[in-house]
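Trainee: Letter by letter, the first sequence follows residues 0 to 847 of numbering that gives the first Met the number 0.
We put the beta carbon where it would ideally sit given N, CA and C, even for glycine.
Everything numeric in this text was worked out from a predicted model, so none of it was measured.
Sharing a structure here in structure tokens format.
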Amino acid sequence: MNSSPFSVNLFSFFIRIDYCTKNSFNTKAKNMRYPFSEIENKWQRYWEEKKVFKTDLDKTHNKLYCLVMFIYPSGAKLHCGHWYNYAPTDSWARYKKLKGFNVFEPMGYDAFGLPAENYAIKTGIHPYDSTMQNIKDIRQQLKKMGGMYDWDSELMTCSPEYYKWNQWIFLQLYKKGLAYRKNAPVNWCPNDQTVLANEQVQPDGTCERCGAVVIQKNLTQWFFKITEYAEELLSGLDKINWPEKTKLMQRNWIGKSIGAEINFDVDGSDEKITVFTTRPDTVFGVTYLVLAPEHPLVDKLTTYVFKKDVEDYRDSIKSLTEIERTSTLKEKTGVPIGSFAINPVNGKRVPIWIADYALLTYGTGCVMAVPGQDERDWEFASKYNLPVIRTVQPPEGFEDKAYTGDGIAINSGFLNGLNVEEAKEKIIEWLEKNNYGKRKINYRLRDWLISRQRYWGTPIPIIYCPVCGEVPVDEKDLPVELPYNVKFKSEGTSPLLSNEEFMNVKCPKCGGAAKREADTMDTFVDSSWYYLRYLDPKISGQIFNKDLAEKWTPVDMYVGGAEHATMHLLYARFIHKFLRDIGLVNSDEPFANLIHQGTITNNGAKMSKSKGNVVNPDEFTSQFGSDVFRLYLMFMGPYELGGDWSDKGIAGTDRFVQRSYDLFEKFKGILSKCLPNENYKITSLNEEEKLIYKKINQTLKKYDQEINNFRFNTAIAALMELLNELKNLDKCSDEIKAYTLKRFAVLLGPVAPHLAEECWNLIGNKKSLMEEPVWFDADPKALIKDSVNIAVQVNGKLRTTLVIPADSEETAVKQSVLADEKVSRYLKDRTVVKEIFVKNKIYNIVVK
RNA sequence: GCCGAAGUGGCGGAAUUGGUAGACGCGCUGGACUCAAAAUCCAGUGGGGCUUACACCUCGUGCCGGUUCGAGUCCGGCCUUCGGUACCA
Numbered sequence: 000m001n002s003s004p005f006s007v008n009l010f011s012f013f014i015r016i017d018y019c020t021k022n023s024f025n026t027k028a029k030n031m032r033y034p035f036s037e038i039e040n041k042w043q044r045y046w047e048e049k050k051v052f053k054t055d056l057d058k059t060h061n062k063l064y065c066l067v068m069f070i071y072p073s074g075a076k077l078h079c080g081h082w083y084n085y086a087p088t089d090s091w092a093r094y095k096k097l098k099g100f101n102v103f104e105p106m107g108y109d110a111f112g113l114p115a116e117n118y119a120i121k122t123g124i125h126p127y128d129s130t131m132q133n134i135k136d137i138r139q140q141l142k143k144m145g146g147m148y149d150w151d152s153e154l155m156t157c158s159p160e161y162y163k164w165n166q167w168i169f170l171q172l173y174k175k176g177l178a179y180r181k182n183a184p185v186n187w188c189p190n191d192q193t194v195l196a197n198e199q200v201q202p203d204g205t206c207e208r209c210g211a212v213v214i215q216k217n218l219t220q221w222f223f224k225i226t227e228y229a230e231e232l233l234s235g236l237d238k239i240n241w242p243e244k245t246k247l248m249q250r251n252w253i254g255k256s257i258g259a260e261i262n263f264d265v266d267g268s269d270e271k272i273t274v275f276t277t278r279p280d281t282v283f284g285v286t287y288l289v290l291a292p293e294h295p296l297v298d299k300l301t302t303y304v305f306k307k308d309v310e311d312y313r314d315s316i317k318s319l320t321e322i323e324r325t326s327t328l329k330e331k332t333g334v335p336i337g338s339f340a341i342n343p344v345n346g347k348r349v350p351i352w353i354a355d356y357a358l359l360t361y362g363t364g365c366v367m368a369v370p371g372q373d374e375r376d377w378e379f380a381s382k383y384n385l386p387v388i389r390t391v392q393p394p395e396g397f398e399d400k401a402y403t404g405d406g407i408a409i410n411s412g413f414l415n416g417l418n419v420e421e422a423k424e425k426i427i428e429w430l431e432k433n434n435y436g437k438r439k440i441n442y443r444l445r446d447w448l449i450s451r452q453r454y455w456g457t458p459i460p461i462i463y464c465p466v467c468g469e470v471p472v473d474e475k476d477l478p479v480e481l482p483y484n485v486k487f488k489s490e491g492t493s494p495l496l497s498n499e500e501f502m503n504v505k506c507p508k509c510g511g512a513a514k515r516e517a518d519t520m521d522t523f524v525d526s527s528w529y530y531l532r533y534l535d536p537k538i539s540g541q542i543f544n545k546d547l548a549e550k551w552t553p554v555d556m557y558v559g560g561a562e563h564a565t566m567h568l569l570y571a572r573f574i575h576k577f578l579r580d581i582g583l584v585n586s587d588e589p590f591a592n593l594i595h596q597g598t599i600t601n602n603g604a605k606m607s608k609s610k611g612n613v614v615n616p617d618e619f620t621s622q623f624g625s626d627v628f629r630l631y632l633m634f635m636g637p638y639e640l641g642g643d644w645s646d647k648g649i650a651g652t653d654r655f656v657q658r659s660y661d662l663f664e665k666f667k668g669i670l671s672k673c674l675p676n677e678n679y680k681i682t683s684l685n686e687e688e689k690l691i692y693k694k695i696n697q698t699l700k701k702y703d704q705e706i707n708n709f710r711f712n713t714a715i716a717a718l719m720e721l722l723n724e725l726k727n728l729d730k731c732s733d734e735i736k737a738y739t740l741k742r743f744a745v746l747l748g749p750v751a752p753h754l755a756e757e758c759w760n761l762i763g764n765k766k767s768l769m770e771e772p773v774w775f776d777a778d779p780k781a782l783i784k785d786s787v788n789i790a791v792q793v794n795g796k797l798r799t800t801l802v803i804p805a806d807s808e809e810t811a812v813k814q815s816v817l818a819d820e821k822v823s824r825y826l827k828d829r830t831v832v833k834e835i836f837v838k839n840k841i842y843n844i845v846v847k
């Protein structure tokens with residue numbers, strides 16, 4: 000080589016490059032100590048080829064149905080939020096499998112829905128095509144995650160074999176009068192161009208899906224009569240193990256109120272006004288009645304003089320949005336209509352008003368106003384100078400406003416002197432006896448509006464015939480297939496209208512020309528019974544395998560987001576109860592246990608494609624592998640809490656995996672050297688062995704408790720503590736090494752499934768861990784502590800800690816306590832007043 | 001407004017029935033290895049004080065008060081954040 004300066008430079012330059020490359024290769028090699036990609040592929044292939052996760056559903060002994068809410072196959076694919084939902088739940092399922100349960104964990108696709116259709120409007124790509132593509136991608140991602148899903152049970156709601164049974168359910172409900180059509184004021188989302196159920200409108204009056212402000216429209220729509228089950232939906236909550244807050248939300252949503260209906264005659268008219276009240280005891284204090292402005296009686300009862308005022312008032316209400324109108328912040332408004340009602344209990348003539356605070360959709364749409372006992376009535380009465388009569392004696396010092404508490408009835412004729420509960424009973428008896436009213440329970444829950452003016456959903460199986468009217472499709476003609484060719488222009492009418500071939504049909508009754516219903520069903524119908532179909536998703540001729548459904552439901556563990564509290568989780572309970580009533584299932588509730596994973600946000604906002612803040616798990620799994628990522632998600636914090644996304648700590652779980660793998664590599668094949676006993680006598684072990692033997696057994700116990708209760712973060716912390724302790728495994732006999740590593744590998748099984756299989760295999764096991772599940776219980780003898788640390792306090796302040804033999808009695812402890820200089824110096828020149836001793840915990844001396 | 005949950009180091013978070021606050025991890029600091037860096041390993045790591053040092057003292061779980069020998073934990077009154085709900089008679 001020529002030694003010109005140039006070439007020397009060039010040479011050193013190359014050396015440098017070479018060096019860097021080598022180093023970066025080394026770095027990589029270091030990172031690759033645990034070849035996750037190879038190992039994960041290997042075990043995923045093994046599980047799949049050996050059908051390790053195919054559940055034998057005929058074996059119902061120890062059955063455990065573990066379910067996560069199925070996935071909406073959106074274009075954003077799997078994001079961190081999905082992983083956070085699925086991976087820990089899968090770890091729980093694996094834990095149960097290792098413990099010997101026959102676990103069924105299926106996965107499927109909630110494949111109908113708006114986003115795919117909106118995507119079609121934007122891009123022209125058909126919802127079917129985009130959905131199928133998304134499912135294909137998501138299935139691959141799910142497999143890479145390493146879930147133990149039984150892929151033979153996979154289902155998608157957009158297949159005719161599935162949605163046929165949505166239609167079938169519709170027809171069964173229809174037969175029983177539980178699916179019906181009515182004209183009603185309904186929620187309309189101007190952005191999604193469809194109606195929405197009450198449950199799908201957010202508190203601020205926006206659309207649950209897209210956030211647009213929802214408006215009210217009067218339309219004729221299909222409803223499911225969920226209110227028929229209101230009482231059972233309420234009482235059933237006491238029988239299921241769900242988070243209290245979720246049950247409370249459902250209770251509030253159902254909103255049961257107990258009271259009475261009271262009939263008021265109208266002066267000079269044959270009409271009666273029936274009001275609903277929870278406070279019939281206050282009826283003597285009625286000073287006016289209020290009707291909802293839209294109430295049909297208003298037209299009949301408004302007197303000539305008041306006609307214009309009433310019309311003007313109604314117009315002024317119309318210009319307000321529903322949110323403005325129903326906002327509690329807004330001052331109540333109203334006008335009198337000129338008529339008077341007669342109070343049945345005392346014959347008093349009271350004016351009838353209309354006001355925005357009376358809602359047509361609740362109760363009878365008519366309210367008896369008792370300003371003395373109701374805050375809203377008080378506010379209204381003060382504004383319009385209406386009289387106030389107190390009927391319950393307020394406590395002394397009570398200031399000028401409505402009194403809603405308990406007390407003695409006053410100004411109330413034959414009720415005087417009774418307390419609220421007694422008065423309620425007595426007045427209801429009186430009303431019923433005199434035919435002026437009756438006991439009545441009302442619910443806030445409304446019927447479930449299931450029509451959607453959209454394409455990508457289940458067609459409603461109804462035909463409209465000019466002669467026969469509304470005719471249900473015959474069951475044998477199901478499914479009413481969703482045609483492929485339609486125009487995806489969202490114009491507030493159903494896209495199906497654009498397909499003549501679909502729309503025009505012969506009437507099943509008379510054979511004449513008729514039209515199909517062009518609306519589709521709310522996709523929450525699909526998700527109301529999918530857990531039953533999973534058990535035999537290909538079954539034809541019946542909605543699901545009844546025999547298996549009776550054996551396998553209710554679902555033992557259901558995991559999904561809390562945002563479904565008053566939607567999916569309510570609808571599914573309703574449909575389950577209906578299916579029970581028509582003899583298809585034998586349980587009252589679909590989900591026996593429920594857990595909500597917390598929400599993973601990104602910069603404070605929920606991850607969504609539209610917000611552009613979706614964190615893609617692929618970047619982490621390609622760098623660290625699935626196990627490290629799963630571990631990290633579980634280690635982040637309490638599962639039910641969620642939190643804001645940060646990848647800051649992922650290095651910690653990566654190190655844990657690397658170090659664990661190193662340890663097993665180091666003691667590769669240990670089981671071929673020796674077979675460890677079930678347990679060891681502690682006294683036969685050397686000091687290091689003793690410590691490790693105790694630690695592994697303590698960990699078995701702790702881990703078991705933690706993971707059983709979905710406390711993955713502390714379960715993993717226990718494994719990390721164990722691994723730290725295993726630094727000294729070298730100093731143990733081969734038997735103890737084998738004993739410990741066998742158990743450690745099993746503990747890794749749920750939380751790091753691929754790593755665990757590899758480690759299990761490394762130490763010399765032939766069968767895969769998941770193929771032949773193994774679990775070890777802790778040796779109770781190893782859990783016994785022979786010495787404990789007790790805290791020694793003087794006046795409640797920690798002065799020292801002492802190591803003493805476990806279960807030492809007070810007198811023995813006292814000696815060592817008093818002998819300690821750190822303690823005795825605080826006792827000098829003081830008198831001991833009291834001594835508190837808690838065995839194995841604390842010795843506290845109180846001095847003066 | 002009402003209902004529910006939660007506030008603990010620089011950060012994520014631990015803490016059985018009231019009994020040694022800060023497990024585990026991240027980050028940071030120092031050291032070892034290296035020509036050097038990365039990786040790895042070892043040690044330290046709540047604030048303040050004091051000491052040559054070992055040690056010791058003191059304050060600390062959103063704020064104020066209470067119960068108790070002892071309070072992150074129980075009680076009363078607030079503050080903040082996040083969910084749910086919105087005139088439901």
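Identify the residues that DSSP records as bridge partners of residue 108: which are they?
Mentor: Answer is 70 and 155, bridged to residue 108.
Trainee: In the DSSP output, which residue or residues are listed as bridge partners for residue 365?
Mentor: Answer by DSSP bridge pairing, in chain order: 290.
Trainee: Over the uninterrupted beta strand (DSSP E) stretch that includes residue 842, give me the two end residues.
Mentor: Where residue 842 is concerned, the enclosing beta strand (DSSP E) stretches over 841-846.
Trainee: Do residue 260 and residue 273 have their CB atoms nearer than 8 Å?
Mentor: In this structure, residue 273 lies closer than 8 Å to residue 260 by Cβ.
Trainee: Starting from residue 348, follow the beta strand (DSSP E) in both directions and report where the run begins and ends.
Mentor: Its beta strand (DSSP E) spans residues 348-354.
Trainee: Counting beta carbon pairs with one atom in the segment 491-498 and one in the segment 419-431, are three or more of them shorter than 8 Å?
Mentor: No, because fewer than three Cβ pairs between the segment 419-431 and the segment 491-498 fall closer than 8 Å, the two stretches do not touch.
Trainee: Work out the CA separation of residue 535 and residue 310 for me, nearest whole Å.
Mentor: Distance between the alpha carbons of residue 310 and residue 535 is about 59 Å.
Trainee: Which value, in whole angstroms, describes the spacing of the CA atoms of residue 678 and residue 779?
Mentor: Spanning the two alpha carbons is a distance of roughly 10 Å.
Trainee: Determine the direct distance from the alpha carbon of residue 546 to that of residue 584, and round the result to whole angstroms.
Mentor: Cα to Cα, residue 584 sits roughly 9 Å from residue 546.
Trainee: Just to confirm my understanding: we take residue 79, look at its own chain, exclude 5 residues before and 5 after, and list those with CB closer than 7 Å. What are they?
Mentor: Same-chain partners within the cutoff: 599, 606, 614, 616 and 644.
Trainee: Would the segment 454-467 and the segment 224-234 be scored as touching if the rule is three or more Cβ pairs under 8 Å?
Mentor: Verdict: no, contact absent.
Trainee: Cβ of residue 698 within 8 Å of Cβ of residue 670?
Mentor: No, the pair does not count as a contact, with Cβ atoms beyond the cut-off.
Trainee: Are the CB atoms of residue 590 and residue 554 nearer to each other than 8 Å?
Mentor: It is a contact, given that the beta carbons lie within the stated cut-off.
Trainee: Please look up how many angstroms separate the CB atoms of residue 740 and residue 747, rounded, as I've assumed it's under 8 Å.
Mentor: Their Cβ separation, rounded to whole angstroms, is 10 Å, which puts residue 740 and residue 747 out of contact at 8 Å.
Trainee: According to the neighbour-count rule (16 or more other Cβ atoms, all chains shown, within 10 Å of its Cβ), is residue 436 buried or exposed?
Mentor: Buried, since its Cβ has 16 or more Cβ neighbours within 10 Å.
Trainee: Between residue 588 and residue 235, which are expected to be in contact by the criterion C-beta below 8 Å, what is the C-beta distance as a whole number of angstroms?
Mentor: Contact holds; Cβ gap of about 6 Å.
Trainee: Tell me which same chain residues have a C-beta within less than 7 Å of the C-beta of residue 405, skipping the five on either side of it?
Mentor: Same-chain partners within the cutoff: 418 and 419.
Trainee: Measuring alpha carbon to alpha carbon, tell me which of 804, 363 and 847 ends up nearest residue 831.
Mentor: Ranking the options by Cα distance to residue 831, first place goes to 847.
Trainee: Based on Cα-Cα distance, which residue from 595, 596 and 611 lies nearest to residue 602?
Mentor: Closest option to residue 602, Cα to Cα, is 611.
Trainee: Evaluate contact between the segment 473-491 and the segment 297-306, counting only Cβ atoms and requiring at least three cross-stretch pairs below 8 Å.
Mentor: In short, these stretches do not touch, since the Cβ pair count stays below three.
Trainee: So residue 442 packs on residue 253, CB below 8 Å; how close in whole Å?
Mentor: Between residue 253 and residue 442 the Cβ distance is about 6 Å, and since that is below 8 Å, they are a contact.
Trainee: Using a 10 Å radius around the Cβ and a threshold of 16 neighbouring Cβ atoms, would you call residue 693 buried or exposed?
Mentor: Flag for residue 693 reads buried.
Trainee: Could you pull the DSSP bridge partners for residue 249 from this structure?
Mentor: Answer is none; residue 249 lacks a bridge partner.
Trainee: I need the boundaries of the beta strand (DSSP E) containing residue 855, first residue and last residue.
Mentor: Any answer about residue 855 is impossible in this case: the structure gives the chain only from 0 up to 847.
Trainee: Once DSSP output is grouped into helix, strand and coil, what is the label at residue 372?
Mentor: Here residue 372 sits in coil by DSSP.
Trainee: Using the three-state DSSP reduction, which class does residue 392 fall into: helix, strand or coil?
Mentor: Of the three classes helix, strand and coil, the one that applies to residue 392 here is coil, per DSSP.
Trainee: Nearest by alpha-carbon distance to residue 735: which of 770, 675 and 560 is it?
Mentor: For residue 735, the nearest C-alpha among the options comes from 675.
Trainee: Identify which residue in 493, 506, 649 and 660 has its Cα closest to the Cα of residue 463.
Mentor: Of the listed residues, the one whose Cα sits closest to residue 463 is 506.
Trainee: Would you check if the distance between the CB atom of residue 539 and the CB atom of residue 220 is smaller than 8 Å?
Mentor: No, Cβ-Cβ distance for residue 539 and residue 220 is not below 8 Å.
Trainee: Can you tell which of 796, 126 and 271 has its C-alpha closest to the C-alpha of residue 434?
Mentor: Checked all of 796, 126 and 271; the closest Cα to residue 434 is 271.
Trainee: Would you decide whether residue 106 is buried or exposed? Buried here means 16 or more other CB atoms lie within 10 Å of its CB.
Mentor: Its Cβ being crowded by 16 or more others within 10 Å, residue 106 is buried.
Trainee: Should residue 210 be labelled buried (16 or more other beta-carbon atoms within 10 Å of its own) or exposed?
Mentor: Looking at its Cβ environment, which holds fewer than 16 other Cβ atoms inside 10 Å, residue 210 is exposed.
Trainee: Measuring straight from C-alpha to C-alpha, what distance separates residue 537 and residue 150?
Mentor: Computed Cα separation, rounded: 12 Å.
Trainee: My output table needs one value for residue 712: the three-state DSSP class, helix, strand or coil.
Mentor: Helix at residue 712.
Trainee: Within its chain, find whatever has a CB closer than 6 Å to the CB of residue 15; leave out the 5 residues flanking it on each side and keep chain order.
Mentor: Since pLDDT at residue 15 reaches only 31, below the 50 mark, its modelled position is unreliable, and the value read off the structure follows with that caveat. Closer than 6 Å at Cβ, skipping near neighbours: no residue.
Trainee: With DSSP run on the structure shown, which of helix, strand or coil describes residue 827?
Mentor: Looking at residue 827 - three-state DSSP - the assignment turns out to be coil, as it is neither helix nor strand.
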